[in-house]
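If you read the sequences in order, they're chains A, B, C and D.
Numbering of the first sequence is given in this note's numbering, commencing with residue 147 and proceeding in unit increments.
Numbering of the second sequence is given in this note's numbering, commencing with residue 147 and proceeding in unit increments.
Numbering of the third sequence is given in this note's numbering, commencing with residue 147 and proceeding in unit increments.
Numbering of the fourth sequence is given in this note's numbering, commencing with residue 147 and proceeding in unit increments.
Virtual Cβ for every residue (Gly too), placed ideally from N, Cα, C.
Data first, discussion second: the structure below is written as structure tokens.
4 protein chains.
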Amino acid sequence: MEEMKKACFGVRTDLALEERERFPGDGGEVAGVKLREWEKEKAGLRLTEVVITNEKGARSMGKPVGTYLTLEAPGLAKKDEDYHKEVVGELSAQLKLLFGRHGIGTKEGKAPSVLVVGLGNMEATPDSLGPRVLENLQMTRQLTFEYGEDFCAEHGYPVLSGITPGVMAQTGMETAEIIRGIVKETQPQAVLAVDALAARSVHRLGVTIQLSDTGIHPGSGVGNHRNSLTEETLGAPVFALGVPTVVGAAAIVHDTVGAMIEVLKREKATAGFGESIDNMQPEEQYELIRELLEPQFGPMYVTPHNIDEQVRMLSFLISEAIHGALFL
Amino acid sequence: MEEMKKACFGVRTDLALEERERFPGDGGEVAGVKLREWEKEKAGLRLTEVVITNEKGARSMGKPVGTYLTLEAPGLAKKDEDYHKEVVGELSAQLKLLFGRHGIGTKEGKAPSVLVVGLGNMEATPDSLGPRVLENLQMTRQLTFEYGEDFCAEHGYPVLSGITPGVMAQTGMETAEIIRGIVKETQPQAVLAVDALAARSVHRLGVTIQLSDTGIHPGSGVGNHRNSLTEETLGAPVFALGVPTVVGAAAIVHDTVGAMIEVLKREKATAGFGESIDNMQPEEQYELIRELLEPQFGPMYVTPHNIDEQVRMLSFLISEAIHGALFL
Amino acid sequence: MEEMKKACFGVRTDLALEERERFPGDGGEVAGVKLREWEKEKAGLRLTEVVITNEKGARSMGKPVGTYLTLEAPGLAKKDEDYHKEVVGELSAQLKLLFGRHGIGTKEGKAPSVLVVGLGNMEATPDSLGPRVLENLQMTRQLTFEYGEDFCAEHGYPVLSGITPGVMAQTGMETAEIIRGIVKETQPQAVLAVDALAARSVHRLGVTIQLSDTGIHPGSGVGNHRNSLTEETLGAPVFALGVPTVVGAAAIVHDTVGAMIEVLKREKATAGFGESIDNMQPEEQYELIRELLEPQFGPMYVTPHNIDEQVRMLSFLISEAIHGALFL
Amino acid sequence: MEEMKKACFGVRTDLALEERERFPGDGGEVAGVKLREWEKEKAGLRLTEVVITNEKGARSMGKPVGTYLTLEAPGLAKKDEDYHKEVVGELSAQLKLLFGRHGIGTKEGKAPSVLVVGLGNMEATPDSLGPRVLENLQMTRQLTFEYGEDFCAEHGYPVLSGITPGVMAQTGMETAEIIRGIVKETQPQAVLAVDALAARSVHRLGVTIQLSDTGIHPGSGVGNHRNSLTEETLGAPVFALGVPTVVGAAAIVHDTVGAMIEVLKREKATAGFGESIDNMQPEEQYELIRELLEPQFGPMYVTPHNIDEQVRMLSFLISEAIHGALFL
């Protein structure tokens, strides 16, 4: 939610999974996009990997070439410590795999050096996921100042550093400026950006975790690349780990209207509704909704009533998974 | 938002102003309800007083007998210190008037004793208004321990005390239990409950302040009175000061659909929409929307993207107004 | 540290253990005071139980009749998860024993009902232990509203409630007033007050946990009992769990001077020092030090540089121990 | 207090004023050090300017060449709004003067660009001054992204940006690394570092503000310059604004012992004390005290009991003074 403002305008989603669902035919092929799904039934987890293999796929999906892994864990809504451990274990394993594929990992007495960036705003509960994960992480890079370069490798630690840059209203700076400066100075092998995301569906809020190796793209693909957090702009590969915590208010209205149409069509008395509204293009419908939600007040977002507890729990879970992926 | 959960379900509003607007004919009469509106044009403020005079009015409005004063200050959305001072001044004066009408005020060397209650949840940004106001208040009751009963009166101070009780998930107790106990022990003349509210319209968020002398009624009028904060349950008159910071997600969908109907009716191609949906009762429509928003995930709320800044500013403004109303 | 101000003036300690050490002859007898010490060598823990059996003992110790158990865990200074688990286990067991001795515990389908009070000030790091423990506790009493009285007993839960009352400058009320009111309304079987303590020795900071069944006595024994949290003032037995996080600045100077004297006496060149200062009574010495520290600025306290990390860790540890003692 | 740990060891002070006082003869000359003192009696303020003009002075003072301005405002300990305004006005004027002397200021339609750095640790109350000042600042640099380079100059705004880097345990990075990176990316004309300081005397805590144009030197002068925040290491002039909030525990013991000696010498019965301890060198005395305070527990600091209120008030005051110095 680095750019919550942008995320809230638009029927946008930060989840590649939801983007993929827009295409007709559930199992259908989209050129340049590979889909793989599997379940860990016993654990109650479902994984989906969307790989965008070329520019054609990138254009269709409105997201850059790369791998997007989604872990759906519906049980996260409940307080079940054993289940949380399952999720930590799986997330940790997937994160390790993704790092490994890019050559980030412990080998030959060399510790992987990673800068974790906690994107978002500590002061706005649904946007505080990134900063809260950072609070729970155990940094280690400072140990190399005192005990030398090899200390971390010898102990099976990564060389871990981290920063909570804050949002533009608090800093007067683009997050990309801050992180670029820090990356140049401290030369980590990789950046891991943790962020709260915007989803399309309230079903995904708090129970879906997305991992990707494509960085962070505020305003997704539209024009301005200067503010992206990518290997191109930062000089180190950028991994992203996010959980949706909000749905744009316009999106929720749009979707609910869509669902209403389906219901109304089935009923004889209201069948006319579906037909007449179907004459409008989705874009027109959405534009109408946005106008009605009066953007002069700025974008609005929808979030669960217990978002504070959810974000707190998720921040522990994610920090443990990061530890699990990087510490031996 | 003491009971944000309840507030989010239902097309409910905490604003008497919005409740009154449901009735046809803007200037029309509602039995048992008196309406008075005036503007402070120069200051850019609009005041509305809704007085519910009897049980008939209470039933129509779904709110208890009493006075509800609303101060609309659209300019609050902007950072303008002079305007903020105007609002503080007006709110302070209205609060003083309301207190005065109930005999709460400085007289004959006697300082008014008021317990301010900061309702809500510090951890959930839109619900943190009450706790944040408390952080900014200057308590004085403790001075009487050291310097005697008359100290406050002599200095033109009120005997001010305050508490942030937390929400039920944090305390395991009803707020009413906590406050009732404290009122019995400390015997204030009045309780002033500060709370974030739920509105119907996003236009009201952050720019409307409601004052009332009727206490706090979670779940408004429906059955359970044990958890209300009222003179009846607490043993001291209860004033409420609130600002809407959220709209229930179901409410926003419902209203936007209503607005869509109006637009679609006007267009020939989609006129059928309005007609068919008009066949549904508002309650049916709303029920449908709620089902579609899937309450198994619990209620959702809609809030502005910059709610953290708004709540911060409002908490300063309200604490200054309380100081202004009670300190000489 | 409910009354940090008072704690900081005076060579006072909140630890019965340290009070006991003032008496000459380590194993010596003090009338009305029973001492029992044992070690859990494997676990690296040392336990000391001081039982004050009568008023004579109470006068000698300056603390009320009752049991004071101290758990010394020097390893807490290090980050060692296994050791932390040992401490949680032992603390949990001791807390359960102490509760049991007062008839607080699960029996015959009846769940124990406990109100936990987080004393102290969230805004002052060394005094934030109580509020932080409360943040980590899982309340259950609210479940009885929805699912009935027996729900907790059936699930092996206690009926747990909790409050963070804040300090007098924030509330204008004595903590005792607030808690007395809440106890009367909610009728718990017992109150457990969690608080940061003042010690005499910096060696104890962050590594000593004291449990007692005698309540909380700000200003210990001197006159004013109105503000104590005891069975007498609250109407329910009051257990206290505390960890020292500060040493009064005057105390630390006093002790260091004492230690200096010992060192100087041993050296020939400075032997005169010890003799001359030994002519002063300890009370005179202390009074002199307090004057020199210039109380017009108010009391000062001494605290470790990493107190934020210590308090954070301790608050997790204590909340887990409370869970362990009360949940089946 | 960027390096609170180092500050707490040693009889160190961050105040040039206190360093200067070490030299005998109040008005006496120290080679390479110029002293100027004046009072604003009506306002109740005292200003002291220490200018270290050459390397000789730097060696004597243990601080780099440059200007150190100290504003002593004893009345800050009380809540007096008018006095606070006086202090804001004076601090603002002095800050403007200091900036002006280095060519930082509005001129010819060019707005000064300043990066404010909030040093310290939000989680440790006495060390949270820097982060709290940042919370209260109004950033403007982001306006230039949307409205162009000239926008700020046209409106009389500075181009203000800011960052709260956190402490090494939280980030794994040296503060200097983080700031150097950000300065290189964003090219401010100047850096203003706001920090809590360590003083020698408890009299200075919370009532003394030091301004300097020499940057921040953790561990002052001793070896390691890599971690300094100076023009040399950052590439932009570094101004520092600090308020002492702690005294090292060893320092307070040392000073109190010194004061005790003076008192004891005057009394006949204890005159031997002064003589014998006078045989020890101050360094020996101090070393002894440090050993006795048992550094295996790490450094300890002394801070006032109401430090949370002091830091809160000071953070508002300083942010207003920065606004006053930079906004027209």
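| query | result |
| --- | --- |
| Measuring CA to CA, which of Asp-296/B, Ala-299/B, Leu-351/B, Val-260/B is closest to Ile-325/B? | Val-260/B |
| Inspect the CB distances between the stretch 382-399 of chain C and the stretch 352-364 of chain C and report whether three or more fall short of 8 angstroms. | yes |
| Report yes or no: do three or more beta-carbon pairs, one from the stretch 324-340 of chain D and one from the stretch 233-251 of chain D, lie closer than 8 angstroms? | yes |
| Taking the runs of the alpha helix (DSSP H) that are 4 residues or longer, which of them lie wholly in the stretch 286-347 of chain A? | 287-293, 297-301, 314-317, 321-332 |
| Determine, using beta-carbon pairs with one atom in the stretch 265-276 of chain A and one in the stretch 450-460 of chain A, whether at least three such pairs fall under 8 angstroms. | yes |
| Identify whether Ala-153/B lies in helix, strand or coil by the three-state DSSP scheme. | Confidence at Ala-153/B is low in this model, with a pLDDT of 41, below 50, so its placement is unreliable and the value that follows should be read with caution. Three-state DSSP puts Ala-153/B in a helix. |
| Return the residues of the stretch 328-362 of chain B that lie within a Cβ-Cβ distance of less than 8 angstroms from chain A, sorted by chain order. | Val-348, His-349, Leu-351 |
| Identify which residue in His-451/B, Gly-221/B, Ala-322/B has its Cα closest to the Cα of Thr-145/B. | The structure shown does not extend to residue 145/B, since chain B spans only 147 to 474, so no value can be given for it. |
| Would you kindly work out how many angstroms separate the C-alpha atoms of Asn-200/C and Val-211/C, rounded to a whole number? | 6 angstroms |
| Which bits of chain B does Ile-309/C rub up against, with CB to CB less than 8 angstroms? | Pro-311, Gly-312, Thr-317, Met-319, Ile-324 |
| Which whole-angstrom value is the C-beta distance of Leu-193/B and Thr-159/B, which I expect to be below 8 angstroms? | 18 angstroms between Cβ atoms; not a contact. |
| Going by CA-CA distance only, name the one from Val-403/D, Leu-280/D, Ile-464/D, Thr-360/D that's closest to Gly-318/A. | Leu-280/D |
| Check each residue of the stretch 265-299 of chain D: if its Cβ is closer than 7 angstroms to any Cβ of chain A, include it; give the result in chain order. | Met-285, Thr-286, Arg-287, Gln-288 |
| So Leu-306/D contacts chain A; which residues on that side make the cut at Cβ distance below 8 angstroms? | Gly-318 |
| Which of the three DSSP states is assigned to Thr-271/B in this structure? | helix |
| List the endpoints of the continuous alpha helix (DSSP H) containing Gln-456/D. | 453-472 |
| Write down every uninterrupted run of the beta strand (DSSP E) in the stretch 368-397 of chain B whose length is 3 residues or greater and which is fully enclosed by it, in chain order. | 384-394 |
| Return yes when the C-beta of Gly-255/B is under 6 angstroms from any heavy atom of the ligand SAM, and no when it is not. | Annotation note on the ligand SAM: not contained in the displayed structure, which lists no ligands. |
| Hey, Leu-474/A and Val-234/A: beta-carbon distance below 7 angstroms or not? | no |
| Do you know offhand how far Cys-298/B's Cα is from Ile-250/B's? | 15 angstroms |
| Give me whichever residues DSSP pairs with Val-176/B in a beta bridge. | Val-179/B |
| Sorted by chain position, which residues of the same chain lie with C-beta nearer than 8 angstroms to Met-285/C's C-beta, five sequence neighbours on each side aside? | Leu-306, Ser-307, Gly-308 |
| Is there at least one Cβ from chain B nearer than 7 angstroms to Met-446/A's Cβ? | yes |
| With the cut-off set at 7 angstroms, would you say Thr-402/B and Val-448/A are in Cβ contact? | no |
| Using the Cα positions of Ala-344/A and Lys-202/B, report the straight-line distance between them to the nearest angstrom. | 46 angstroms |
| Where Ser-461/C and Pro-258/D are concerned, what is the direct C-alpha to C-alpha distance, given to the nearest angstrom? | 46 angstroms |
| Taking C-alpha atoms, which residue in Glu-295/B, Arg-182/B, Glu-218/B lies nearest to Lys-256/B? | Glu-295/B |
| Does the distance from the CB of Val-384/D to the CB of Gly-404/D come in under 7 angstroms? | no |
| In chain order, which beta strand (DSSP E) runs of at least 3 residues are fully inside the stretch 187-236 of chain C? | 191-198, 212-218 |
| Counting only Cβ pairs nearer than 7 angstroms, list the residues of chain A close to Asp-103/B. | Residue 103/B lies beyond the residue range present for chain B, which begins at 147 and ends at 474; the question has no answer from this structure. |
| Apart from the five residues on each side of it in sequence, which residues of its chain come closer than 7 angstroms, Cβ to Cβ, to Glu-165/C? | Thr-159, Met-207, Gly-208, Lys-209 |
| Which residue's Cα is closest to the Cα of Gly-470/A: Trp-184/A, Met-446/A, Pro-304/A? | Pro-304/A |
| Between which two residues does the beta strand (DSSP E) carrying Leu-161/D extend? | That residue, Leu-161/D, is in no beta strand (DSSP E); it is neither H nor E in DSSP. |
| Interface residues of chain D around Pro-210/C at Cβ under 9 angstroms? | By Cβ distance, chain D contributes nothing, its closest Cβ being about 25 angstroms from Pro-210/C, past 9 angstroms. |
| Rounded to whole angstroms, what's the CA-CA distance from Ala-315/C to Asn-282/B? Just pull it up for me. | 12 angstroms |
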